[in-house]
Each structure stands twice: as structure tokens, then as C-alpha cells.
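Let me begin by presenting the structure, written as C-alpha cells, before commenting on it.
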Amino acid sequence: MDDLHGKVALVTGASRGIGRAIAQALAEAGADVAVNYFSRDKEAQETLALVAGAGRRGIPVQADVSNSSEISEMIGAVECGLGPVQILVNNAGIAIRKSLEEVSEQDWDRVLAVNLKSAFLLIQAVFQGMCRSGWGRIVNISSTAAQTGGITAPPYVASKAGLWGLSHSYAAQLMTCGITVNTVAPALIETDMVREIEAKPDLIPIGRFGGAEEVADAVLMLVRNGYITGQTINVNGGLYFS
Ligand code: NAP
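Going by the numbering used here, the first residue of the sequence shown is number 7, and it counts up by one from there.
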């Protein structure tokens, strides 16, 4: 199915894990994809090879998504290389697992900036172009941690809960422009992040980690659907029932 043919997507944190699977799924559905990453060029190139394998155009865009000037440069590069962003997936994120005694103000500032402020800055950078074209899709990748507290430290949980409020605010204000804004809340998905925080699959009622492609499926559904907005889709192996 290539019903996103001709659309331009920007996926943040697409060099690995969930972001890579989302970039691949969007390309297979027909979109051209800008692959944002922070430091891992080689992995970003591997994602671009998947985009090219789907027959779509892709460009690498290195930027720290917590930094507004790097975001401005990145959006300029996407517009020059592929065209205006019509699909934005705010996926880049960092997790920390520290005790309450260890977690610091610096942890708070960094995690909130990378996981939450970034989504605000990126939406601000693209929504007017989407409005002008009368079509746009924004998907923010949150976490089941926002509902359950999870095994990560408070800054991570707060950042992921904050994405819900952010999504609700933009969904309410942008729906008359043809833009939908939704959230996907995964539980433990088998990626580097889950390995780094040393999570165990027995925490999940279904009894296994999720696959990145299972999160990408939910994102793709939201991108294709123009009547779902302001919602959270849980991809969590039964960890939380909404
Ligand atoms: P991951 O494997 O650790 O990959 C993280 C991605 O984010 C990488 O592409 C990384 O780029 C990028 N990134 C990190 N900091 C960045 C920055 N400052 N600017 C730009 N890009 C940055 O993580 P993942 O498991 O795929 O997680 C993706 C998203 O899903 C995150 O928001 C995470 O919180 C959320 N999530 C994950 C799980 C899970 O169990 N895995 C569960 C719930 C929610 P480099 O490769 O260049 O470092």
C-alpha cells in the first residue's frame, strides 16, 4: 500500500529502534523520509538504506532536537532536500533509570529538553506549513510510564506524561486546519533503550517485549486516519488498560 505517496515525513531519532521502524513503515507506505539522529551516522545510513529499499527518497538530518537553532537548520534542510514536512513523528528520546536519591536537576533538565521541549519546538516549526497545505499528521511517542510510573526515573515519566498534554493542546487548536495530533504509548519494546535500562520481559502481561514494528503499525494507522485526533494509542502488551 502506498497511500502516503508524495508526502514528506520527518522522524526524529530514526537511526535506531522504534524510530527506524517508523521511518521504514512510512517509506513502505509511500512517504519520503527525513531521518533525524543525534550522533550515530552509520546507523542513520542503515535506516536510509531501508527507505531507499522501499523505493522512496530519504535524507539524513543530524540535529539535537532539544536545541532550537539546530531544529531550524534541520527543518530548512528537509524543506530543501524533500519539501515541507507534512508528517512529523516526535520519537527521539532518552531514558534514565536512577534511584530517587541519585536523580539530579541536570537529569531533569536534559530529559525534559530532549523528550518534551523538542516536541514543542518541532511542532512550532512545522504547523504553519501544514496549515497552509490543509493536511498534516503529528504523532508523539510517549510511554506507558506516563500511566503506570514505570521503572524509569521521575523526569522520564514526567516528560512522557507531558507529551499527552502537548498533544491535546495542539489537537484542539489544529483540527480545523486538517492536522491531527496523537500520541502512541508503548511499553517495553526490544531496542537499545530497553537493554540500557535493564528491563525484563516478565513485567509485561503478554510475556514478551514488543517489536519496534508493532509500534510503527500504530503510528502508520494514525497517519493514515484523518478522524482520530487527540488520542493515545497504547501498544503495551496489556500492561495498562485504557
Ligand atoms: P533508542 O533505541 O535508544 O533510540 C533513541 C533514538 O533517539 C536514536 O535514534 C538517537 O539517536 C535519538 N536521540 C537521542 N537523543 C537525541 C537528541 N538529543 N536529538 C536527536 N535524536 C536523539 O530508543 P527507542 O527505544 O527506539 O525509543 C524511541 C522512543 O520511544 C523514545 O522516545 C522512547 O522514550 C520511547 N519509548 C521506548 C520504549 C522502549 O521500551 N524501547 C518504551 C516506551 C517509549 P542516535 O542513534 O544518533 O543516538
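Note that beta-carbon positions come from the ideal geometry of N, C-alpha and C, so glycine has one too.
These numbers were taken from a predicted model, which means no experiment stands behind them.
In angstroms, rounded to a whole number, what distance separates the CA positions of residue 7 and residue 61? In this predicted model, residue 7 has a pLDDT of only 48, less than 50, meaning its place in the structure is not dependable enough to derive any value.
Mind checking residue 233: buried by the 16 CB within 10 Å criterion, or exposed? exposed
Are the Cβ atoms of residue 226 and residue 188 separated by less than 7 Å? It is not a contact, given that the beta carbons lie outside the stated cut-off.
Quick one: what does DSSP say residue 158 is sitting in, helix, strand or coil? coil
Per DSSP, what kind of secondary structure is residue 233 in: helix, strand or coil? coil
Name the two residues that bound the continuous alpha helix (DSSP H) containing residue 82. 74-87
Proximity of residue 101 and residue 199 at Cβ, strictly below 7 Å: At a Cβ-Cβ threshold of 7 Å, residue 101 and residue 199 count as neighbours.
Does the stretch 45-58 come into contact with the stretch 91-108, if we say contact requires no fewer than three beta-carbon pairs (one atom in each stretch) closer than 8 Å? no
Starting from residue 94, trace the beta strand (DSSP E) both ways and give me its first and last residue. 93-96
With a CB to CB cut of under 6 Å and the five nearest residues on each side skipped, what residues in its chain are close to residue 25? Excluding residues within five positions, the ones whose Cβ falls inside 6 Å are 17, 19, 97.
Does residue 211 pass the burial test, meaning 16 or more other C-beta atoms within 10 Å, or should it be called exposed? exposed
Using the three-state DSSP reduction, which class does residue 147 fall into: helix, strand or coil? strand
Please confirm if the stretch 154-171 is in contact with the stretch 113-121, defined as three or more CB-CB distances below 8 Å between the two stretches. yes
Residues bridged to residue 68 [DSSP beta-bridge criterion]: 43
Beta bridge counterpart(s) of residue 187 as assigned by DSSP: In the DSSP output, where bridge partners are listed per residue, residue 187 has 144.
Between which two residues does the beta strand (DSSP E) holding residue 15 run? First-last of the beta strand (DSSP E) with residue 15: 14-17.
Per DSSP, residue 115 is paired with what? Bridge partners of residue 115: none, in fact.
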